[in-house]
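For reference, the structure discussed in these notes is given below.
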Amino acid sequence: MRGKFLKVAVAATATAMLATACGGGGDDNESSGQTGGTLRVYASEPAFLTPSGGDDEPSLYVIRQLFRGLVKYNAESSAVEMDLAESVESEDQKLWTIKLKSGYTFDNGEAVNADAFIRSWNFAAYGPNAQNNGYFMKRIVGKDDVAPADPDGEGPQKAPEPATKELSGLKKVDDLTFTVELDAPFSGFPTTIGYPGFFPMAQACVDDIAKCNETPIGNGPYKIDGSWQHNVAINVVRSDTWKGEAGKPDRIEYRIFADVDAGYAAFQAGELDVMYTLPPARYKEAKATYGDRMYEQPGDSFTYVGMPIYNKAFEDKRIRQALSLSIDRQSIIDAVFDGRFTPATGYVAPTFEGAREGVCKYCAKDVEKAKQLLAEAGGWPAGEKLILWANAGAGHDQWLQAVGDQIKEALGIDYELKVNLQFAEYLETADQKKFTGGFRLGWGPDYPFMETYLYPLYGTGAGSNNSGYTNAEFDALMKEGDSADSIQAAIPSYQKAEDILGEDLPVIPMWWSKVAAVYGENVDQFVWNSVSDADYGATSLKQN
Amino acid sequence: MSDVVLETRDLVKHFPLTKGIVFKKQYGAVQAVDGVNLQLRRGETLGIVGESGCGKSTLARMLVGLETPTSGDLFVQGKNMSKVSAEERRRGRRNIQLVMQDPYTSLNPRMTVGDIIGEPFEVHPDVVPKSGRRGKVQELLELVGLNPEHINRYPHQFSGGQRQRIGIARALALNPEIILCDEPVSALDVSIQAQVINLLEKLQKELGLSYVFIAHDLSVVRHIADRVAVMYLGKIIEIGTEDDIYDKPTHPYTQALLSAVPVPDPKLRGLRDQIVLTGDVPSPANPPSGCRFRTRCWKAQDICAEQEPLLQIRDKSGHPSACHFAEVRDVVHAAE
Amino acid sequence: MGRYVIRRLLQFIPTVLGTMFLLHYMTALAIQFSGNPVRALFGDRTPPPALLQAITERLGYGDPCLDQRGNPCFGLFADRLQNIFFHFDFGINLRQREVTDLVADAIPFTLKLLVIAILFEAVVGIAAGVLAGLRGGSFADYLVKISTVFVISVPIFVLGVVVREFVGVKFGNVLRGQDWIPDVISSGMFSPVFKPDYPMASLIIPGMVLGATSLAVTARLTRTSIMENIRADYVRTARAKGLTNKRVIGVHTLRNSLIPVITFLGVDIGAAMAGAVVTETIFNVPGIGRLVTMSARTGESSVVVGVVTMLVLVVLVANLLVDLLYAVLDPRIRYE
Amino acid sequence: MSTDVNVKLEALAGVDPNALPLQVKDLHVEFRTRNGIAHAVNGVSFDLRAGETRAILGESGCGKSVTAQAIMGILDSPPGFITGGEILYRGVDLLKLPESERRKVRANRIAMIFQDALSALNPVFTVGFQLAELFRKHRGMSRKDAKVRAVELLDLVKIPAASQRVNDYPHQFSGGMRQRVMIAMALALDPEVLIADEPTTALDVTVQAQIMALLAELQRERNMGLVLITHDMGVVADVADRISVMYAGRVIEEAGVNDIYATPAHPYTKGLLESIPRLDLKGHELSAIKGLPPALTNIPPGCAFNPRCRYAQDVCRKDPAPPLYQVSPNRTAACHFWKEVKGDE
Amino acid sequence: MSDLTSAGTAVGGAPVGGDGPSTEATTGGEGRSASLWADARRQLLRDPIFVIAFIYVLVVGSMAAFPKLWTSQDPRSCNTDRSRISPSGEHPFGFDILGCDYYAHAIYGARPSMVIAVMATSGIVLFGGTLGLLAGYYGGWVDTIISRVMDIFFSLPFLLGAIVFLTVIKRQNIWTITGVLFLLAWPTIARIIRGSVISSKDLDYVQAAKAVGARNSRLMFRHILPNAIAPMLVYATIVLGSFVAAEATLTFLGVGLQPPAQSWGIMISTHQVYFLEDPWLLLFPCGLLVGTVLSFILMGDALRDALDPKFR
């Protein structure tokens, strides 16, 4: 977890269970692996084990086995498939009607019905509950009433008491039907609701959220064994109340590590069956040792060097292009990360539907062209140093230093690193647009839909638009995509919008993550979901 | 100008004993020195004897200003030291200098002999001008019988006797009239002890010094002192000329003390009048009522517990003695 | 003795309050100067202000004085004290768990680790020190001297990582390949990281790493202490009493020599707790040290202050116990 | 107690009950230090009869304490080494005994009292423990019995309220009482020889008198041989039967107590006597011995005293050192000019 | 045991001189005067361990002060193409992961480590020494206040305190690390000085100076301090070493210096993960660090032996 403070990963459920949604157990399906055994997996300490609270990677790994939501994603294609929902439909992409399958219950016997979802979403959105996933309810009508903002907007002060506890955009139609009204059309809505923040919660859970956090009341294929042993382990066992396809192992043990190196040592000593990540420096060694038991796949988390367009020196796009052209991404990846990343040539993860190679024409090293562009733009102010920002203590300084070295070599611009801000302060600097040079930041998708990489980062006034980039044409294309009839229909508009970014370079794309997981000799079949990472429920162990 | 150079009147030093955790309450005091009257005349040597814990060291520390008396007055050349300005007190103190007991610890090991002996000049810069100091130090070294060329040596390069000479030279630096010798020879070997005693006597003759000579070794005190005061538990119990005290002791404690001193003459073995005291000295925090010696005294009567005997001349004594039953008894010379 | 305990307990109050205020002020300054730690929770995406506010409020970072740079926030401190002393409430972390729960979860592991470390350093350190001290100048002495200095100078995290990789992984894997070795050894004791299945065995090696530095200090201290005491008069007396060498060393020398060593071990509890920060991270022990490290990294001031306050209390109590132990071991120390 | 003695005598092989309790013959001890070899003892000889008091007189650094430690076998080694000579206990050479046998001699047959009782007693054990230890380890008594004997011993040395004080720690006693405890400890196993190393130097005169009286009484009762090591001429005159005067590691004069004081035959002895002030004689001139004793690493050739000696001639400044001349049947002196010294009044 | 100890004194002490006015002193053939310090210096220079340690520290010190003496390479000239190339004749330490010359990095890395250690140590010596002197000399309420403040900093275990302070300060540079080390370590020095001042303020020679009429300042600085300073000096030497190690440990814990600063701590903590593949990346900086710490500790030990009268 050193490199990444938080990862808000995409919601996911086990792909292997798609085929037989109503079938019982996996014994009729030879090819999908053997059932039984205890799977011991690497984990970090989760933040929360409730759908409304858990938004970090370690939490999601556990929540996905304990809970299930309306939709799930295909392991290979990332396509949305119905899980607990019968259908998710809308005429205008604004008012969505959701029908549920019947017969599902929580571990405590409560039914998983329309109330369970409305209850969960309301609970998350209600300000005083301070649930991290309240963030994801932001498109639903009425969210300002349940979580009103500080009127003066100045720093942390007492927020006004919310007028109501319920989102006005959520309406129950019948036991298994409810409607969701968004404040603007959004064709990608069905892709978002597979995220655990949209999973249902039992009444008993909402009544005593603290207890539920320790001993979650789930509705998924696994249920907790005992309760959460903080910083030590979380054990889950197969749940009898789950009606869907059962998980492969009888039991999953999440061993919690504070340090990925320690976890790798444990894996080497045979104490873990699956490790979904590797210490960066051990990648080569692991590949040599566990070559046939290493799983690699392109990932979806994006690292970039933001450009403060609000700063005069970076206003001219030719400057940004020149900087980008001086960087040899692959060389840095090889040196610092042992080749664990994929150089970025676009703004949308290569695994996403609609993603294309080479959208960015300035993302391959070309010193001549860089020099030329810089000259055309009037050159870099003499004596000024290029400042490169990163947050402290997260190991970003090394590659940023390499970036600086390469720019210095290519363009003769000396650089200076500013890496002493802790993350909170760094983010506040970003929010207040006070960077004086390139700044490293990252982005992970909220849902498997192109839009997640585009609007939040580059839309005019969007929450995470830290560059201060604004382009009317881009905004219009985004709107066009949002109100398209279907997910597929939206893609061409988004692609056009991405092309604009490829020319303007509001941020310099660096690379995409690459998944590298290792598993033990006793693992029969290791399953990785392209959206939501390792799927432990679908991973099977060799049975003798 | 009076002949008396140093005088104490009812000098008292009590060290408070406190209890209490936050707020300290005094519940008693160690009566280290309890009403001492002494006079030292010009050119004379006053010996003070007593056993450990009798208060003689505390008395010495008060005389040279290292302790402030709890009550009582100290006169140096007629000036009451507790009533004069701080500056005058400092000036007055110059007239009393100290020679300490242990020559191994009383010299700063990190200073040269020259620095040690010259330190008084730096503290009192008006005594000798800066340029003359080195010469003066060398003079002093010569005076106490050391080689003046050794001015740059360090104390550990000298033997015990030589170090004591350095201590004496330091005490002489400010041309004092009074030297207070606190057990100056007790840490030295016999053969060296005689050298130092001879030196002290020589200096007294040459410089006209007055000595207060504190010691537990009664033989040494007899040798050097003109008058002798005997202390017991913070009080002087007998005072007189050397002959008075040694040949005609009247206080039982003095008698016991003298009789306990072995005489280096085997012929006198078994012939001397020996008094062996029993028990230990009582605690000065809680001294016996009346006469402080009564608990160990073979002559004690009821009156001794009720009434404190004053230090005065009595019928059979001939010199001041603080015993109701003071009576001469020669314990030093063998009974014939 | 009882009075001494009370006085020490009273001295606790300013120390504890002072330490707590120090920590409180540091964290207040941190928020004032470096921003709201809640913001970091959301990472790259900017949270809706309402949500940010709600969470901030919930975690007690909403006090307006936290906006004023340099304000010591006495009000907040008073609230904090009140919560701690009247409700035993040390606040909650960013994940809304009670700090007391966090500590309650973590402390058993740290305690076990500490016990192993202290036992290890006491037994091995004292044995090595005695061996070296008794044979000053021998080969064993030089071996102990050099190896201890070497251990002290290797940073503990290098030592820890090397031990984990070579002993836990490499050597452990060899052991795990042998069927005849019981599991508790091969996959318990030689596990590279803490293992819930073998909660005691898998802490042995981390405990030894934790104790290593102090072990070296203990050995050096014991050595010096033995060397000093072996020349003491009372050891000579013991030999003159015709006691066996074993008894002279084992009873008369060791008892005295170990007083400073035991004092050091007691004081070392605090240092070992701090050392656990490194060891627990490397060996993945879910103890206090790891808790503090993780909380410090995420800027959870309430946790850091809470945990460190509790640790300081533990250290202070340990120091008090050491002082009392000292009084028990060394009857010369009479408090009052 | 007499049974104890018999038990002990049987335990040591080769003991001749008729031989002297202690004989020291030509003892040599040196200290090997960083700054060279210090010849602390260079051929000391003396013997001790039962019931006799032998004083070893000398100034600090003359080797008298080292001699005592060598006899007890408690020299710190290194740096101290016995390089020659014999120490005979009733005819048995202690230096040739194995350590386990040698140990049985200590406290049982030869015991020792040290100068500074405060540092010589272990501060962390009660005096009762330290006394009882002797009975437990040497006599195999139970803790309880040993404790009873400890109280008896404290009574013997006249410590008031012995049964309570037995549980006190050394620092709770006054100086005189501590020295009594030391004596009790030395006498516990009823030794035949007691070595007292400056037993009263740290004490006040009145206490010194008490202690010396006690020692004398106990010595008489038990017919014990006493080696009294001291620099105090007064104490020696009071209690000693025979005296060995030491200078720079050698015995330079050996005689009965009266002879020494009346007619010293060595200039050093003579100088010592002349340099002490006397209580009973008023104001005689003290004649000091000039100079200092030599460093033991650098003893002058010939007679060690020659640089300070007013009788010294060329012969004194050359090796060998003067032998012990027989002055009279019971008397020796290591001076070439003993006749002159003795006759010179 | 007067006899034995004085035998020792007679052996150790040089003087055999006359005690009378007439006698000429001859100090064992050596005419030169020698203070305790001079004695100590002579003894130290005879001690091979001290000499070797001292030379090592000098070498490291010169790296810190004049890195250009040791290397002409620019440690900031890096190229990721040369990442982690093994040592060769031209580049004795090879290249680090960013392709910078590792030898130059190591030379330039000496400075922060040494500067932090030296500054923090001087700080605690000056500040802690002063407070300790005041507390010990004046006693009473001065002592009470200083002692309580000392207790407060004492009760924070060193590493834990450093982590807390550095994480909340959030500025991790040479100054803040020095400050934190100083803040947490001064009470130890103060306590040492206080103890030795208390034990030396009643020494005879201090009393003697007082009897002559010397004032407080003179007593403190001329008599008490010089004699109380030896244990502090020994401790300070050892503390120099432990500060060098502390910098590395804090860096490992993520609260120490941050790249692109160069220090041994950064070198070790960045490259420790590679130690199975390219062990030299860990071994070189670690060797330098351990050597430095070792040297300081050994120097401290030798110094103690030389200054402690017990060992004379």
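Chains as they are written, first to last, in full-length UniProt numbering: chain W, 1 to 544; chain B, 1 to 336; chain Z, 1 to 336; chain C, 1 to 345; chain D, 1 to 312. The beta carbon of each residue, even a glycine, is placed where N, CA and C say it ideally should be. Quantities reported herein were computed from a predicted structural model and do not represent experimental measurements.
At a cut-off of 8 Å, the C-beta of C:VAL181 has no neighbouring C-beta in chain Z. By DSSP's assignment, B:LEU98 forms a beta bridge with B:LEU180. Looking at the backbone, the Cα of W:GLY437 and that of Z:ARG80 are separated by about 41 Å.
Of W:LYS138, W:VAL236, W:GLY404, W:ILE209, the smallest CA-CA separation from W:GLY54 is found for W:ILE209.
A distance below 6 Å between beta-carbons, with the five flanking residues on each side excluded, links Z:THR281 to the following residues of its chain, in chain order: ARG290, THR293.
In this structure, D:ILE198 lies near D:GLY136, with their beta-carbon atoms less than 8 Å apart. Identification of residues in the region 297-320 of chain B having a C-beta nearer than 9 Å to some C-beta of chain C yields an empty set. Put simply, the backbone Cα of Z:GLU57 is about 29 Å away from that of W:PHE67.
The residue from C:PRO98, C:HIS138, C:ASP116 with its alpha-carbon nearest to that of C:ILE183 is C:ASP116. In the DSSP assignment, W:GLU86 falls within the unbroken beta strand (DSSP E) covering 85-90. Neighbours of Z:ASP105 in chain W, taken as residues whose beta carbon is under 7 Å from its own, are HIS230, ASN231 in chain order. Setting aside the 5 residues that flank it on each side, C:ARG308 is surrounded in the same chain by ILE289, LYS290, GLY291, each with a C-beta closer than 7 Å to its C-beta; the list follows chain order. Distance from the CA of Z:VAL305 to the CA of W:PHE423, rounded to the nearest whole angstrom, comes to 20 Å. For W:SER331, a Cβ of chain D is located within less than 8 Å of the residue's own Cβ. Residue Z:LEU17 holds the alpha-carbon nearest to the alpha-carbon of Z:PHE74 among Z:THR224, Z:ILE181, Z:LEU17, Z:THR237. Around C:MET224, the same chain offers LEU194 as residues with beta carbons nearer than 6 Å, after the five sequence neighbours per side are excluded. Along the region 188-224 of chain B, the beta strand (DSSP E) occurs as fully enclosed runs of 3 or more residues at 210-215, listed in sequence order. In the three-state DSSP reduction, C:SER65 falls in the helix class (H, G or I). For a Cβ distance threshold of 9 Å, residue set GLU119, GLU122, VAL123 of chain B lies close to D:ARG218, ordered along the chain. If you check the CB distance, B:PRO284 and B:VAL30 come in under 8 Å. Those residues of the region 233-265 of chain W placed with their C-beta closer than 8 Å to a C-beta in chain Z are ALA233, ARG255, ILE256, PHE257, ALA258, ASP259, ASP261, ALA262, GLY263, ALA265, ordered along the chain.
Contact annotation: B:VAL5 and B:THR70 have beta-carbon atoms that are not nearer than 8 Å. Each of Z:SER302, Z:ILE249, Z:PRO108, Z:LYS112 was checked against the Cα of Z:MET26, and the nearest Cα belongs to Z:SER302. Straight across, the Cα-Cα distance linking B:ALA171 with B:CYS181 is about 10 Å. If you keep only unbroken alpha helix (DSSP H) runs of at least 4 residues inside the region 272-331 of chain W, you get 283-289, 317-325. With the rule of 3 Cβ pairs closer than 8 Å, the region 46-63 of chain W counts as touching the region 128-137 of chain W.
In this model, B:SER191 and B:ILE237 are separated by some 32 Å (Cα to Cα). When the beta-carbon positions are compared, B:VAL36 and B:VAL228 stay at least 8 Å from each other.
Short of 7 Å from the beta carbon of Z:GLU98, and not among the five residues preceding or following it, lie these beta carbons of its own chain, in chain order: ILE92. What Z:PHE157 touches in chain D, judged by beta-carbon distance under 9 Å, is ALA248, THR249, PHE252, LEU253, ILE268, SER269, GLN272, going in chain order.
For W:LYS171, the enclosing beta strand (DSSP E) covers residues 170-174. For B:GLU51, at least one C-beta of chain C is nearer than 8 Å to its own C-beta.
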